[in-house]
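Below you'll find the structure, written out as structure tokens, and then a few comments.
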Amino acid sequence: MISVAASPWFILLCLAVGAGYAALLYSAKAPWSKALNLGLAALRFVVVSLLCFLLLSPFLKTTSNTTEKPTVVLAVDNSQSVGLFTPPAVLGQATTGLRQLAETLRGRGFHVETRTLGPTAARPVAPDSVRFTAAATDLDGLLTGVRETYEGRNLAGVVLVSDGIVNQGRSPAYSEFNFPIYSVAVGDTLPKKDLNLPTLNYNRVAFSGNKFTIEAEVTYDGFAGSTAVVQLRENGRVLQTQRVRLPVGQRRTKTTFTLVAPAPGKRRYEVVVEKQAGEFTPLNNSKFAYIEIVKGKLRVLLAGAAPHPDLKALRAAIQQNDNFDLVTYLPGISPLKSQDYDVAILHQLPARGGEGAEVLAQVKSRRIPALYILGAQSDFNAYNSVGAGLTVLPRGSQTDEVTPVLNPGFSRFTFEEEALRRFATYPPALVPFGDIRLSGGAEAALYQQVGRLRTQKPLLVFGGTPAQRQATLLTDGSWQWRLQEAVEHEDRPDAYDRLVVRTLQLLTQNANKKRLDVYPTQDVFSTQDDVTFGAETYNAIFERTYGQQITLTLTDEQQKTRTFNYTNSEDGAPLHLGTLPGGFYRYAARATLNGQLQQDRGELLIQEQQLEALDARADHNLLYQLARRSKSRLYYPQQFAQLTQDILKAEYKPVIYSKEDLKELINLKWLFFLILALVTIEWATRKYSGGV
Numbered sequence: 010m011i012s013v014a015a016s017p018w019f020i021l022l023c024l025a026v027g028a029g030y031a032a033l034l035y036s037a038k039a040p041w042s043k044a045l046n047l048g049l050a051a052l053r054f055v056v057v058s059l060l061c062f063l064l065l066s067p068f069l070k071t072t073s074n075t076t077e078k079p080t081v082v083l084a085v086d087n088s089q090s091v092g093l094f095t096p097p098a099v100l101g102q103a104t105t106g107l108r109q110l111a112e113t114l115r116g117r118g119f120h121v122e123t124r125t126l127g128p129t130a131a132r133p134v135a136p137d138s139v140r141f142t143a144a145a146t147d148l149d150g151l152l153t154g155v156r157e158t159y160e161g162r163n164l165a166g167v168v169l170v171s172d173g174i175v176n177q178g179r180s181p182a183y184s185e186f187n188f189p190i191y192s193v194a195v196g197d198t199l200p201k202k203d204l205n206l207p208t209l210n211y212n213r214v215a216f217s218g219n220k221f222t223i224e225a226e227v228t229y230d231g232f233a234g235s236t237a238v239v240q241l242r243e244n245g246r247v248l249q250t251q252r253v254r255l256p257v258g259q260r261r262t263k264t265t266f267t268l269v270a271p272a273p274g275k276r277r278y279e280v281v282v283e284k285q286a287g288e289f290t291p292l293n294n295s296k297f298a299y300i301e302i303v304k305g306k307l308r309v310l311l312a313g314a315a316p317h318p319d320l321k322a323l324r325a326a327i328q329q330n331d332n333f334d335l336v337t338y339l340p341g342i343s344p345l346k347s348q349d350y351d352v353a354i355l356h357q358l359p360a361r362g363g364e365g366a367e368v369l370a371q372v373k374s375r376r377i378p379a380l381y382i383l384g385a386q387s388d389f390n391a392y393n394s395v396g397a398g399l400t401v402l403p404r405g406s407q408t409d410e411v412t413p414v415l416n417p418g419f420s421r422f423t424f425e426e427e428a429l430r431r432f433a434t435y436p437p438a439l440v441p442f443g444d445i446r447l448s449g450g451a452e453a454a455l456y457q458q459v460g461r462l463r464t465q466k467p468l469l470v471f472g473g474t475p476a477q478r479q480a481t482l483l484t485d486g487s488w489q490w491r492l493q494e495a496v497e498h499e500d501r502p503d504a505y506d507r508l509v510v511r512t513l514q515l516l517t518q519n520a521n522k523k524r525l526d527v528y529p530t531q532d533v534f535s536t537q538d539d540v541t542f543g544a545e546t547y548n549a550i551f552e553r554t555y556g557q558q559i560t561l562t563l564t565d566e567q568q569k570t571r572t573f574n575y576t577n578s579e580d581g582a583p584l585h586l587g588t589l590p591g592g593f594y595r596y597a598a599r600a601t602l603n604g605q606l607q608q609d610r611g612e613l614l615i616q617e618q619q620l621e622a623l624d625a626r627a628d629h630n631l632l633y634q635l636a637r638r639s640k641s642r643l644y645y646p647q648q649f650a651q652l653t654q655d656i657l658k659a660e661y662k663p664v665i666y667s668k669e670d671l672k673e674l675i676n677l678k679w680l681f682f683l684i685l686a687l688v689t690i691e692w693a694t695r696k697y698s699g700g701v
């Protein structure tokens, strides 16, 4: 259908112009026949009228229809618990039923896709190719992924095949889904005669030579009144054995192992409940504890130019962590103890009044890693000379009110999402306004946010050298952050405390002159995590360098090695190793820097997650709730024929989508060539017949 942007009456004017032009040109006597003259006049009439018509911006409107079949998604819980605890005959019946359902629905005009748990959830698979190996069950993630994929499309419903056990993410009972869910229940709801070890309670850090405990929680069904044998092992060697009574009338009990921390290093202990006669499965009878043994508490010197609320906030944050031994010093108030410190916090030191000179001298002479906190009493000229990686040139007493915001390129330690949300609610703190410059090798962990404007001005900076690491916080108002966080979060200022502790840990980590520093980005990874490593390289004068080829070799407890190659870059991108089996690994890194071979070594723990073996009892009630809320019902594997009939009875129809397409005639190439052909024919005819 052809339409015009102007009034259709203008078409008559176009025809009149074409007719007038043709009459004016061909009304005089011509040297050719009358019939030919009329033909040439007609050609001129068509060409002129068509050109005038194009001035009206005509467009062609077309309508195209697309038919989308109704889609049924087969959402299969392919977790290990389904494969382990569903009777093989029932599981085979479910797999066969899924295949037959898919074939029947496709034959009746449906589009059918099969989706599973895990990172491959968004990739359709065939029902026959499903393998029940997923290490965790997130049914809400599976169903939410289907909802997002088919938003606005012809989704008839979802057939959910599951045992109802959820051990990751939130329960799907708390989510809203706008499509029917046909639940098919597998697994076994009958109580099993079983011993289970669901939880170990322990501190992740212990000090060499000190005692530490590992508390094991044992749950049991069918063994009340008997005794369980629980062992503590390391590398297969039994360290301790305990006989634990299982009281009648209860389902759980606890036992505690007490050990003396050995030499520093990372340790993996295994707690095992010995299998008993008649027990359903031993898969949930063991669990690992991952503990880092350190040589002793880190000695922290907290020194200030004068009493200040910051000092109380910092002291409270540090004392929450058992890894630190804190000493506080104020000039003229408390004496400076003569001892070796692992790290110093220098609050408004160096000061304009010269306070704390003895502390600064000790930090400099002993190369103690230091955190400088700048404020109104700070001597900025003296601070700029210590080589902390930052130069601050304030403009008089002018200040900015800022809140902390993460530098996404900083990777030496990470902030949890909850911590970032808390940062955004912190009250503004004062920082010096002026020229603030980072020197070579320094890196900002936090930037300043002024109101709603995120700036590139640093707020927390890490610099110095590997021989003496230093950090700077450009505000003495952070005490307000801890105070507000404690008020808003039930006296749990976790984000502030972790920021302080991780800053001190980073300052004391590998405080030596290594030119190659390779480290895991987390203390402990799980078997579901993408294991990542960071790397730093330095030249002969300990300036950061980039683009260096680094080789990393991992060796597991069976002496199997894995080798990775990596090039460090200025954006701080880590080396991604993917997922690794649980266990204790040693790593060795090497790189050639300026013709010299540099090496670094360390340890890595991968924590095993045995989520799927913890619960052998299916939760069909959850599946029933999901089906009932979507006005469907619960089915069992032997009822696939009934399920097929119910889907067909619902009479889901294809959806026809209409699409209108507007195209301007002036953009049609064939129309140009048509006009050109008509003009050419007229000209050639006149030329051949003796006209001009």
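Going by the numbering used here, the sequence shown opens with residue 10, and the numbers climb by one from there. Where a beta carbon is used, it is the ideal one built from N, C-alpha and C, also for glycine. Fair warning: this is a prediction, and the values are worked out from it, not measured in the lab.
Proximity below 8 Å, CB of residue i to CB of residue j
i, j, result
"residue 533", "residue 350", "no"
"residue 380", "residue 445", "no"
"residue 468", "residue 541", "no"
"residue 369", "residue 378", "no"
"residue 136", "residue 199", "no"
"residue 315", "residue 386", "yes"
"residue 165", "residue 79", "yes"
"residue 604", "residue 576", "no"
"residue 264", "residue 225", "yes"
"residue 170", "residue 195", "yes"
"residue 464", "residue 435", "no"
"residue 602", "residue 524", "yes"
"residue 206", "residue 296", "yes"
"residue 144", "residue 537", "yes"
"residue 666", "residue 142", "no"
"residue 90", "residue 223", "no"
"residue 562", "residue 572", "yes"
"residue 418", "residue 543", "no"
"residue 707", "residue 459", "Beyond the ends of the chain as shown, which are 10 and 701, falls residue 707; an answer cannot be given."
Supposed close pair residue i, residue j - CB separation, criterion 8 Å
i, j, result
"residue 324", "residue 307", "Contact doesn't hold; Cβ gap of about 15 Å is too wide."
"residue 281", "residue 240", "5 Å"
"residue 7", "residue 691", "Only positions 10 to 701 of the chain appear in this structure, which leaves residue 7 out of reach."
"residue 312", "residue 278", "The pair is not a contact, with the Cβ atoms about 39 Å apart (cut-off 8 Å)."
"residue 674", "residue 680", "6 Å"
"residue 703", "residue 181", "Residue 703 is absent from the model: the chain starts at 10 and stops at 701."
"residue 340", "residue 365", "5 Å"
"residue 227", "residue 261", "7 Å"
"residue 12", "residue 62", "Their Cβ separation, rounded to whole angstroms, is 12 Å, which puts residue 12 and residue 62 out of contact at 8 Å."
"residue 599", "residue 589", "Actually they are not in contact, since the Cβ atoms of residue 599 and residue 589 sit about 20 Å apart, beyond 8 Å."
"residue 310", "residue 354", "7 Å"
Where the beta strand (DSSP E) containing residue i begins and where it ends
i, result
"residue 85", "80–85"
"residue 338", "333–338"
"residue 729", "The question about residue 729 has no answer, for the chain in this structure spans 10 to 701."
"residue 120", "120–125"
"residue 574", "570–576"
"residue 171", "164–171"
"residue 528", "525–529"
"residue 299", "295–303"
"residue 237", "236–243"
Residues sharing a beta bridge with residue i, DSSP
i, result
"residue 67", "13"
"residue 456", "414 and 467"
"residue 195", "Beta-bridge pairing links residue 195 to no other residue."
"residue 668", "73"
"residue 354", "311 and 380"
"residue 613", "594"
"residue 583", "DSSP lists no partner for residue 583."
The alpha helix (DSSP H) enclosing residue i, as first and last residue numbers
i, result
"residue 99", "97–116"
"residue 6", "No information on residue 6 is available, as it lies outside the stretch 10 to 701 that the chain covers here."
"residue 263", "No alpha helix (DSSP H) contains residue 263, which is instead part of the beta strand (DSSP E) from 261–269."
"residue 547", "First-last for residue 547: 540–547, but that is the beta strand (DSSP E), not the alpha helix (DSSP H)."
"residue 484", "Neither: residue 484 is in no alpha helix (DSSP H) and is coded neither H nor E."
Given 8 Å as the limit, is there contact between the stretch 540–549 and the stretch 490–505, that is, 3 or more CB pairs closer than that? By the Cβ criterion, the stretch 540–549 is not in contact with the stretch 490–505, since fewer than three pairs of Cβ atoms, one from each stretch, lie closer than 8 Å.
Taking 8 Å as the cut-off, does the stretch 190–201 touch the stretch 209–217 (at least 3 CB pairs, one atom from each stretch)? At 8 Å Cβ cutoff, the stretches do not touch.
When the Cβ atoms of the stretch 586–595 are set against those of the stretch 511–518, are three or more pairs found closer than 8 Å? Because the criterion of three Cβ pairs below 8 Å is not met, the stretch 586–595 and the stretch 511–518 do not touch.
Tell me whether the stretch 653–668 and the stretch 110–130 touch, counting them as touching only if at least three CB pairs, one residue from each stretch, are closer than 8 Å. Yes: the two stretches touch, three or more of their Cβ pairs being nearer than 8 Å.
Taking 8 Å as the cut-off, does the stretch 154–164 touch the stretch 622–635 (at least 3 CB pairs, one atom from each stretch)? Cβ pair count under 8 Å is below three, so no.
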